[in-house]
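Heads up, the thing below is written out as structure tokens.
Protein chains: 2
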Amino acid sequence: MVNRDMLAYGQARSVIRELFEYGRQRAAVVGEEHVYDFSLGNPSVAPPPEVEETIRRLVSERDPCALHGYTSAPGDPAVRERIAASLSRRFGTVCKGEELYLTCGAAAGLCCCLCALCQPGDEVITFAPLFPEYGVFIRTAGAAMKVCPAETEAFQIDFAALEALLSPKTAAVIVNSPNNPSGAVYSEATLKRLAALLEEKSRAFGRPVYLISDEPYREIAFAGTDVPWLPRLYRDTLVVYSWSKSLSLPGERIGYVYVPAQVTESAQVYAAVAGAGRALGYVCAPSLIQRLAAACCDLTADLTVYEENARLLTRELREMGYHVPRPQGTFYLFPRSPIPDDAAFSRAAQALDLLIVPGSGFHCPGHVRIAFCVPRRRIEGALPVFRALAQRYL
Amino acid sequence: MVNRDMLAYGQARSVIRELFEYGRQRAAVVGEEHVYDFSLGNPSVAPPPEVEETIRRLVSERDPCALHGYTSAPGDPAVRERIAASLSRRFGTVCKGEELYLTCGAAAGLCCCLCALCQPGDEVITFAPLFPEYGVFIRTAGAAMKVCPAETEAFQIDFAALEALLSPKTAAVIVNSPNNPSGAVYSEATLKRLAALLEEKSRAFGRPVYLISDEPYREIAFAGTDVPWLPRLYRDTLVVYSWSKSLSLPGERIGYVYVPAQVTESAQVYAAVAGAGRALGYVCAPSLIQRLAAACCDLTADLTVYEENARLLTRELREMGYHVPRPQGTFYLFPRSPIPDDAAFSRAAQALDLLIVPGSGFHCPGHVRIAFCVPRRRIEGALPVFRALAQRYL
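Protein sequence lines correspond, in order, to chains A and B. Note that the first sequence covers residues 0 to 393 in numbering that gives the first Met the number 0. Note that the second sequence covers residues 0 to 393 in numbering that gives the first Met the number 0.
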């Protein structure tokens, strides 16, 4: 008697989650140090010490009724002002608190944007490789997902394929750069070309094609890679952010939707985002954590660890003969599977207690995702297994 | 171009919120002590001191990556076990952690239950007077709300009206006892009769009519009023809870859905609740606050203040001639409006800087809601205004 879609969502375990659970079972048998689990994107570095200090300060200094009480639905005004000031400084823009809508993380932010922008029958374009939950969230909004196939040389955009997908039904396009799972960052050239195409199509279709920039990995960019600020390049951009990765707070569920005033019908878009938050049961983002985010929004955890891990793994895997696209950010590596069947390769690795996720789950077969947000010794321990697999398959 | 439903939700300010905003503006003009704001249901007593102590202890003792990291989607297993043990003890039942799904508060829990249980075309029955957001959440689940008219003598259930509403389309019935806004508690006799009727109809319709018990006010019950544990009385009960009121943590968004194993197709219902959480973008409930709830789940804030406020206001208003139903719990009083037009009476009060909410917003015209979760001096200050209104209208 239950809703079949919800049942399917609840019963379908993701490949990632299955690998992770398998790893925990294996660890109980062979010992944790002999399981090389690269399945989950859970930050491995501690939050900056200011996180603990701020929490202590907040519970000491603030009136507890105000600290733990409801905030206004879009978030505490002082919190939003502080975050807006930080964005203004960092991106040389004029962001105001009233353009921000605080959310329980990026997933909630995406759901709010999609429900706000989509009508039944609309389409939303995503780019492979992609975060698989996009499909779920787009369906919740009553729209259909159209996947632009991966450009697997530099993991930028296949513009011919994108142009073919754009239509008067396109309500929104989602970009995720730095990208989970490819680790690529869209260059300014790529984004300018994207902006030009979307402007042209918006004019042609007589409706704005909104761009949703999902950027929880913004701060994890390597070797000075520039992560362009999209609202500067494309007028109709909504930014969805989360502090999950930058402050290592994924369980606390805190992020925002930024609806710049420049956006077409921005007041209506903002109101619809807030209305979607209401419809989905989000009363406000967690109140203590809102204040924490405001106090720490200019800080990050020690993200250099990820760059070191990326460098080590890339060098070693390339020496073994793997084809590894240049990692530019995030904590994922997305090498080519040595055999076309990435699921088979993942299973072969799993038989050696090396857990890596097949690219097909990200709409990009022929690759595997290595989540290297793990202790260094796990990477070092896994290298002989990667080598054994290379010798067998390459 | 935005979604019209979401826009309407975002633009429609609730009467409650409008009164509250008006109060803030007036306070700036005439001084806060001259505005008698009884509009909002925001707890006025501090959380118990253990809340602050527990937060300090958690940030000191726990590995910060684990403390702030993702938990499993239904919540940290140890947290769920601890809460289950507390429920088992308190209600003489056998509740297991795996029957609990932690949520970002009761609103999220209601959305998850409704999306899990409803198919398009289904109906959900609620009882006036009712929390107005029910209508929004039911619509999100694609169902239609059918409101059972209020029984305004004792604010129990009009069973003839309920029976007329029950049909093969009824997916669920929502009860909220102790009740916002009436302050009434359903007696064991009322709930047994409800259970008998729903059992009969479930058999007749060949589908279980699930009962959703929305009980954030469970612990705020006066003079030893018993708040019966519904799963003991009706097999197909889901419990939705929030610590917002009992621990004075409404901004922290923490609660649960309890799907007892006895429920028809309980495994499927639980999976669908979890699937709905996924579809709505709830990755997990806030991780630090999950641990806080587990540590403090047997405690409450000092709730006696509400009972004292209830007694004072009831006595005084009755002496002035108002008809005030006996408050049994919550922090709301729901007297009859002295004139049939409750909105007009609310406006007359507003003109004297007394802010009380018309009952029509709760599908129960002819009454007004007084949220007495306020400092005592505000109640005392408001009494002359209530008296002046009584002299004018009674």
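Think of the CB as a built atom: it goes at the ideal place given N, C-alpha and C, for glycine as much as any other residue. For clarity, every value in this text was computed on a predicted model and none was experimentally measured.
Residue i: CB within 6 Å of a non-hydrogen atom of the ligand NAP
i	result
residue 40/A	The ligand NAP is absent from the structure shown, which contains no ligand whatsoever.
7 Å Cβ cutoff, residue i in contact with chain B
i	result
residue 0/A	yes
residue 308/A	no
residue 165/A	no
residue 46/A	yes
residue 271/A	yes
residue 8/A	yes
residue 180/A	no
residue 274/A	yes
residue 280/A	yes
Classification of residue i by the beta-carbon crowding that lies within 10 angstroms, buried from 16 upward
i	result
residue 286/B	buried
residue 78/B	buried
residue 59/B	exposed
residue 50/B	buried
residue 463/A	Here chain A comprises residues numbered 0 to 393, so residue 463/A is not present and cannot be evaluated.
residue 119/B	exposed
residue 290/A	buried
residue 61/A	exposed
residue 201/A	buried
residue 195/A	exposed
residue 282/A	buried
residue 366/B	buried
residue 10/A	exposed
residue 23/B	exposed
residue 393/B	exposed
residue 301/B	exposed
residue 259/A	buried
Cβ-based neighbour list, residue i, same chain, cut-off 7 Å, excluding 5 preceding and 5 following
i	result
residue 306/B	221
residue 133/B	125, 144, 173
residue 323/A	313, 316, 317, 332, 334
residue 347/B	388
residue 197/A	172, 208, 210, 233
Cut-off 8 Å between Cβ atoms - residues of its own chain near residue i, not counting five sequence neighbours on either side
i	result
residue 166/B	122, 204
Cβ-Cβ separation, residue j to residue i (assumed contact under 8 Å), whole Å
i	j	result
residue 187/B	residue 213/B	So it is not a contact: roughly 18 Å between Cβ atoms.
residue 102/B	residue 284/B	6 Å
residue 147/A	residue 257/A	No, residue 147/A and residue 257/A are not in contact; Cβ-Cβ is about 24 Å, not under 8 Å.
residue 40/A	residue 179/A	7 Å
residue 177/A	residue 358/A	About 17 Å separates the two Cβ atoms, so there is no contact after all.
residue 76/A	residue 273/A	In fact, because the Cβ distance is near 14 Å, the residues do not count as touching under 8 Å.
residue 390/A	residue 21/A	Contact flag wrong, Cβ pair sits at about 24 Å.
residue 14/A	residue 352/A	Incorrect: roughly 17 Å between the Cβ atoms, too far for contact.
residue 181/A	residue 154/A	4 Å
residue 53/B	residue 295/B	6 Å
Delimiting residues of the alpha helix (DSSP H) encompassing residue i
i	result
residue 378/B	375-392
residue 103/A	No alpha helix (DSSP H) contains residue 103/A, which DSSP labels as neither H nor E.
residue 297/A	Residue 297/A -> no alpha helix (DSSP H), and no H or E assigned at all.
residue 305/B	303-319
residue 59/B	48-60
Enclosing beta strand (DSSP E) for residue i [first to last residue]
i	result
residue 126/B	122-126
residue 254/B	254-257
residue 239/A	236-241
residue 206/B	Here residue 206/B belongs to no beta strand (DSSP E), and DSSP marks it neither H nor E.
Contact with chain A by residue i, beta-carbon distance below 7 Å
i	result
residue 54/B	yes
residue 397/B	For chain B, the structure presents residues 0 to 393; residue 397/B sits outside this window and is missing.
residue 5/B	yes
residue 122/B	no
residue 261/B	no
residue 357/B	no
residue 395/B	The shown model of chain B, from 0 to 393, leaves out residue 395/B, and the question about it has no answer.
residue 135/B	yes
residue 24/B	no
residue 58/B	yes
residue 69/B	yes
residue 106/B	yes
residue 212/B	no
residue 277/B	yes
residue 248/B	yes
Contacts around residue i, its chain only, beta-carbon distance under 6 Å, and the 5 residues preceding and following it disregarded
i	result
residue 238/A	212, 257
residue 215/A	105, 241, 243, 244
Cross-chain neighbours of residue i in chain C, by beta carbon under 7 Å
i	result
residue 176/A	The chain labelled as chain C is not found among the protein chains of the depicted structure, namely A and B.
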